[in-house]
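**Q** Sharing a structure with you now.
Residue numbers (this note's numbering), protein chains in the order written: chain H, 79 to 422; chain D, 79 to 422; chain S, 79 to 422.
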């Protein structure tokens, strides 16, 4: 693991150093676990008490942090700066070499841009187009006529069905599925007859898609994920859903068919959205929200059915008061001689 | 993309045409987005107002729809007819050719029916039996002694463990897993000792299984999915579960071990069922139901714990009235001089 | 299928036989479905009435079970003993042969212990280390410098990203993913900038991981799963989570980043945990718990937000009484002449 002096680090991060520029750090670590040679950070005020007691050699902090028993690197966004520092201290494994591995299966009619890498066992079907420098890891699958922009990275086992489109710099994690059939049937009197799912999926630039996340192709037209949106693992996006740009969805969220969610949405884990809803821009949803109707953007929602967060908190307060309320009513009844004090 | 005249289309769909039979449509589109050359449909009355304003060339409608500023194709089931029309306008990619791709690995003892297609990287283990015309896409896996009926389609990355059985015309989407071990352990005083999962999975004819859905093999006997049942993505079916025929399960549902659900069940997304339950035929469950006990069929259930839908709606009404109820009791207390109007 | 005499079986299981030692059983079956030649068991008292009516040839029961119309094999733990018996009656398919299949892709720099089996289509990248007798099934993926202990079994389509570590006897089911990037971004004013996920995943000995379960690598340090812990299908474990030893998690649970859960936890299906929590040892959680704060161990929790189970039951009782409470208050108002009996 490489080590780096605090002087070099401060200059890389544009940080103000409070401490000895010649000291070296080797490893990133949490404030509580860090020891000599470790670099830590403080972004969440919840952990501020740990700063005073840390054994880290240096800590990246925000502008308002107090002094501490270690060197400090002051920046505006400690989270972001620590991310850069981790990249310096723990460089990722080298990218796989450009070229098609002899154990890959690439149809001769597929078009591969310069610098593309295709790993062992990966499969690229007829008519697919792979943008320059895109990496298809081992065992990735790209279906017929599917198109990927430049600098994408498709991890092992990810499946891109035929005729879907990915923009530039899209990352698709292992065993994610893009372009599976939308879930649509019509009862014909005897059986659920399949409704053809003839549309596509369009993924914008700079989207990241988590492991085992599934995004269905549209019935017609396109299921769409806006540029810069980040989807965690095990998320389900149904046919004809449209997500705006720069959304962040935590794991295990489900979005039902044809729902549109505006840009900048923040969605907590295990939330679910009914079909055919319209959600405005910059809406935030707590974990486990069950969203059953269209909602304006710019607000924070919670609960099931989802409502503005402060209303959910209020309902929880009312629920908590329920035992006392029943007690009060029983006491009233006893006092008024209306019976034995049971409620009826 | 092929185009088709409204006359031809009406005859294909058995529809009554109100408009010019020589007009041509090229693309399916939603009522709101459609323009000249587009074919749309109206099945959900919620969208009826869009019909008056549509710019589509033609719209498929039900018997009772009013006239509109475009040609109309009247049928009994617009959903179903539109599905057929989409199939005509957007033919799917050609099926892969019959035969075993040179990059597939098929054990010599496996039996492949006539017309079977095995894609690059697919693996078929010893003793497996693949019915005629079944398609194993690239990177699909069929374990030892597993048997598939005719005309199945197994998408990339789907895994069929050893010794499971699929009927005819079963479709298994990408990265679904059938036949993984049931989840069973018994604490032996020191550790969770594994209980062997020696049973199988039996999938009936015409079942469709979504991407990343997992169906565990039975402890003994069989986990079973009834004919014609449709499972969306990311559904979990535990060991020894039995689903009846013609069920429809939306995404991310979980069914715990040994639960039996009757035929024709409709289950909303993210619902969950406890183990060892018996659910009657034709039960319907709203999204996010948490079903904790056995329930008779033929009814609509909601909530957690799941109850008849109208009771859940009633509970929501009572909850909504709770703040006013507390206000009323406080006012009573003030009026009766019982204190300061707080509840205790 | 092999058959076995009750005498042999009793001696294998250390059971006390009540019945004819020469009788033979061939198949395991449930009490209700069993017929002649079948072996069944009674562990859950719920099924005790089925014992009196069973047609099984023999049943494995606990010490206190009454006599029955069949032979009985008495043991202390019928569940465990039946598991052993199933293993005898239904031996699993033979393990794949040791050695590297010609269709596997193993980097020359990977180190394979003696007796390792690598199936067709499996990929092992540079610098990986595979412990002795470990089985990599077809289409399994092991990334650069990842290390597996002895006697592991990695099922088809499972993906082990680079630089993760598995102990001995770890089983990873099909299409599970270990070591995908943790989900971390920081808004830089224009976009969600990716925070490097430079840590690893450490899986202890004797862990079993279900199909399509995903375990993210740490931001730095390690995401950890304690020895003997069992994870069902479709579970999501976020970066830097730490699970203690001997936990049992049912399907579709999600654990958010940096949460620590003590040893021996039992977690019901579809539960979720917020990030940065501390949960003590031997906590139990009902299905669908939503855990939003740190909780001491040794207790049973339910509901959302999760609370001690008895409090959740109490809340459900209060909710059930709510309609009657409203009725009572309305009656009081009418009696006191405070209006029309509506609540306000």
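Just so you know, even glycine gets a beta-carbon here, dropped at the ideal spot from N, CA and C.
What are the boundary residues of the alpha helix (DSSP H) that residue 129 (chain D) is part of?
**A** The residue you call residue 129 (chain D) lines up with position 51 of the second chain. Segment 126 to 131, the alpha helix (DSSP H) holding residue 129 (chain D).
**Q** For residue 80 (chain D), which residues in the same chain have their Cβ closer than 7 angstroms to its Cβ, ignoring the five residues on either side in sequence?
**A** Stepping through the second chain from its first residue, residue 80 (chain D) is reached at position 2. Counting only Cβ-Cβ distances below 7 angstroms, and skipping sequence neighbours, we find 167.
**Q** Quick check: residue 161 (chain D) and residue 271 (chain H), are their CB atoms within less than 9 angstroms of each other?
**A** What you label residue 161 (chain D) is simply residue 83 of the second chain in a count that begins at 1. What you label residue 271 (chain H) is simply residue 193 of the first chain in a count that begins at 1. In contact: residue 161 (chain D) and residue 271 (chain H) (Cβ atoms closer than 9 angstroms).
**Q** Taking 9 angstroms as the threshold (beta carbon to beta carbon), is residue 223 (chain H) in contact with chain D?
**A** Indexing the first chain from 1 puts residue 223 (chain H) at position 145. Yes, its Cβ sits closer than 9 angstroms to a Cβ of chain D.
**Q** Sort D:259, D:114 and D:414 by Cα distance to residue 276 (chain D) and report the nearest one.
**A** Taking the first residue of the second chain as 1, we reach residue 276 (chain D) at position 198. It is D:259.
**Q** Is residue 411 (chain D) buried or exposed, if buried means 16 or more other CB atoms sit within 10 Å of its CB?
**A** By 1-based counting over the second chain, the position of residue 411 (chain D) is 333. Counting Cβ neighbours within 10 Å, residue 411 (chain D) comes out buried, since at least 16 surround it.
**Q** Taking the alpha-carbon positions, what's the residue 194 (chain D) to residue 165 (chain S) distance?
**A** Taking the first residue of the second chain as position 1, residue 194 (chain D) is located at position 116. Taking the first residue of the third chain as position 1, residue 165 (chain S) is located at position 87. The straight-line gap from Cα to Cα measures roughly 35 angstroms.
**Q** Would you give the residue range spanned by the alpha helix (DSSP H) that residue 294 (chain S) belongs to?
**A** Working through the third chain from its first residue, we reach residue 294 (chain S) at position 216. Per DSSP, residue 294 (chain S) belongs to no alpha helix (DSSP H); it is in the beta strand (DSSP E), 292 to 294.
**Q** Which residues, in order along the segment 301 to 317 of chain S, keep a beta-carbon less than 8 angstroms from a beta-carbon of chain D?
**A** If the cut-off is 8 angstroms between Cβ atoms, the segment 301 to 317 of chain S has 306, 308, 310, 311 and 312 near chain D.
**Q** Helix, strand or coil: which one does DSSP assign to residue 310 (chain H)?
**A** Here residue 310 (chain H) refers to the residue found at position 232 when the first chain is read from its first residue. It is coil, neither helix nor strand.
**Q** Determine, using beta carbons only, whether residue 269 (chain H) and residue 324 (chain D) come nearer to each other than 9 angstroms.
**A** The sequence position of residue 269 (chain H) within the first chain is 191, counting from 1. The sequence position of residue 324 (chain D) within the second chain is 246, counting from 1. Taking 9 angstroms as the Cβ cut-off, residue 269 (chain H) and residue 324 (chain D) qualify as a contacting pair.
**Q** Taking C-beta to C-beta, are residue 121 (chain H) and residue 108 (chain H) nearer than 9 angstroms?
**A** Residue mapping note: residue 121 (chain H) aligns to position 43 of the first chain, counting from 1. Residue mapping note: residue 108 (chain H) aligns to position 30 of the first chain, counting from 1. The answer is no: Cβ separation not under 9 angstroms.
**Q** Would you identify the three-state DSSP class for residue 301 (chain H), choosing helix, strand or coil?
**A** Taking the first residue of the first chain as 1, we reach residue 301 (chain H) at position 223. The answer is strand: DSSP assigns residue 301 (chain H) an E or B state.
**Q** Is residue 322 (chain H) helix, strand or coil by DSSP?
**A** Position 244 of the first chain, counted from the start, is the residue given in the question as residue 322 (chain H). Three-state result, residue 322 (chain H): coil.
**Q** Pairs of beta-carbons, one from the segment 222 to 235 of chain H and one from the segment 232 to 249 of chain S, closer than 8 angstroms: are there three or more?
**A** Contact between the segment 222 to 235 of chain H and the segment 232 to 249 of chain S is present, because at least three Cβ pairs lie under 8 angstroms.
**Q** Along chain H, which residues have their Cβ under 7 angstroms away from the Cβ of residue 217 (chain D)?
**A** Locating residue 217 (chain D) in the second chain gives position 139, counting from the first residue. The contacting residues are 201, 217 and 219.
**Q** Does DSSP classify residue 144 (chain S) as helix, strand or coil?
**A** Start at 1 with the first residue of the third chain, and residue 144 (chain S) comes out as number 66. Coil at residue 144 (chain S), not helix or strand.
**Q** State yes or no: is the C-beta of residue 283 (chain H) within less than 9 angstroms of the C-beta of residue 248 (chain H)?
**A** For the purposes of this step, residue 283 (chain H) is taken as residue 205 along the first chain, with counting starting at 1. For the purposes of this step, residue 248 (chain H) is taken as residue 170 along the first chain, with counting starting at 1. A contact, by the Cβ cut-off of 9 angstroms.
**Q** Beta-carbon within less than 6 angstroms of residue 338 (chain H)'s beta-carbon, same chain only, minus the 5 sequence neighbours each way: which residues are those?
**A** Against the first chain, residue 338 (chain H) aligns to sequence position 260. 320 and 356.
**Q** Which residues, in chain order, does the segment 257 to 271 of chain S contribute to contact with chain H at a C-beta distance below 8 angstroms?
**A** Of all residues in the segment 257 to 271 of chain S, 258, 259, 261, 262, 263, 264, 266, 269, 270 and 271 have a Cβ within less than 8 angstroms of some Cβ in chain H.
**Q** Give, in chain order, every residue of the segment 83 to 115 of chain H whose Cβ lies closer than 8 angstroms to some Cβ of chain S.
**A** Listed in sequence order: 105, 106, 107, 108 and 111.
**Q** Please compile the residues from chain D whose C-beta is within a distance smaller than 7 angstroms of the C-beta of residue 119 (chain H).
**A** For this step, residue 119 (chain H) is matched to residue 41 along the first chain. Per Cβ cutoff of 7 angstroms: no residues; residue 119 (chain H) is ~35 angstroms from chain D at best.
**Q** Pick helix, strand or coil for residue 278 (chain H), following the three-state DSSP scheme.
**A** By one-based count along the first chain, residue 278 (chain H) stands at place 200. Three-state DSSP puts residue 278 (chain H) in a strand.
**Q** Alpha carbon to alpha carbon, what distance is there between residue 246 (chain S) and residue 116 (chain S)?
**A** The count along the third chain starts at 1 and reaches residue 116 (chain S) at position 38. The count along the third chain starts at 1 and reaches residue 246 (chain S) at position 168. In a straight line, the C-alpha of residue 116 (chain S) is about 36 angstroms away from that of residue 246 (chain S).
**Q** Looking only at DSSP bridge pairs, what is residue 231 (chain H) linked to?
**A** Your numbering for residue 231 (chain H) matches position 153 in the first chain. Looking at the DSSP assignment, residue 231 (chain H) forms a beta bridge with H:213 and H:249.
**Q** Could you pull the DSSP bridge partners for residue 83 (chain H) from this structure?
**A** Within the first chain, residue 83 (chain H) is the residue found at index 5, counting from 1. Residue 83 (chain H) pairs with H:102.
**Q** Please name the residue, chosen from D:297, D:292 and D:414, that lies closest to residue 262 (chain D) on a Cα-to-Cα basis.
**A** What you label residue 262 (chain D) is simply residue 184 of the second chain in a count that begins at 1. Nearest C-alpha to residue 262 (chain D): D:297.
**Q** Under 8 angstroms between beta-carbons, which chain H residues line up against residue 283 (chain D)? List them in chain order, please.
**A** Your numbering for residue 283 (chain D) matches position 205 in the second chain. Correct list: empty, because the minimum Cβ distance to chain H is about 10 angstroms.
**Q** Could you check whether residue 334 (chain H) and residue 329 (chain D) sit closer than 9 angstroms to each other, using their CB atoms as the reference points?
**A** In the second chain, the residue the question calls residue 329 (chain D) occupies position 251. In the first chain, the residue the question calls residue 334 (chain H) occupies position 256. In contact: residue 329 (chain D) and residue 334 (chain H) (Cβ atoms closer than 9 angstroms).
**Q** Straight-line CA distance for residue 189 (chain D) to residue 205 (chain D)?
**A** Stepping through the second chain from its first residue, residue 189 (chain D) is reached at position 111. Stepping through the second chain from its first residue, residue 205 (chain D) is reached at position 127. The alpha-carbon atoms of residue 189 (chain D) and residue 205 (chain D) are separated by roughly 7 angstroms.
**Q** Exposed or buried, what is residue 347 (chain H) when buried is set at 16 or more other beta-carbons lying within 10 Å of its beta-carbon?
**A** As a first step, residue 347 (chain H) is located in the first chain; it is residue number 269 there, counting from the start. Flag for residue 347 (chain H) reads buried.
**Q** Considering only residues of the same chain and omitting the five flanking positions on each side of residue 187 (chain D), which have a CB-CB separation below 6 angstroms?
**A** Locating residue 187 (chain D) in the second chain gives position 109, counting from the first residue. Closer than 6 angstroms at Cβ, skipping near neighbours: 204 and 205.
**Q** For residue 422 (chain H), collect the residues of the same chain with a Cβ closer than 8 angstroms to its Cβ; drop the 5 residues on either side in sequence, then sort them by chain order.
**A** Counting from one through the first chain, the residue named residue 422 (chain H) turns up at place 344. Confidence at residue 422 (chain H) is low in this model, with a pLDDT of 47, below 50, so its placement is unreliable and the value that follows should be read with caution. Correct list: empty, nothing qualifies.
**Q** Can you tell me the Cβ-Cβ gap for residue 300 (chain D) and residue 280 (chain D), rounded? I've got them flagged as a contact below 8 angstroms.
**A** Locating residue 300 (chain D) in the second chain gives position 222, counting from the first residue. Locating residue 280 (chain D) in the second chain gives position 202, counting from the first residue. Going by Cβ atoms, the distance from residue 300 (chain D) to residue 280 (chain D) rounds to 5 angstroms, so yes, they are a contact pair.
**Q** Mapping DSSP to helix, strand and coil, what is residue 398 (chain D)?
**A** One-based indexing of the second chain puts residue 398 (chain D) at position 320. Helix at residue 398 (chain D).
**Q** To the nearest angstrom, how far is the alpha carbon of residue 86 (chain D) from that of residue 154 (chain D)?
**A** Counting from 1 along the second chain, the entry for residue 86 (chain D) is found at position 8. Counting from 1 along the second chain, the entry for residue 154 (chain D) is found at position 76. So the two alpha carbons sit approximately 18 angstroms from each other.
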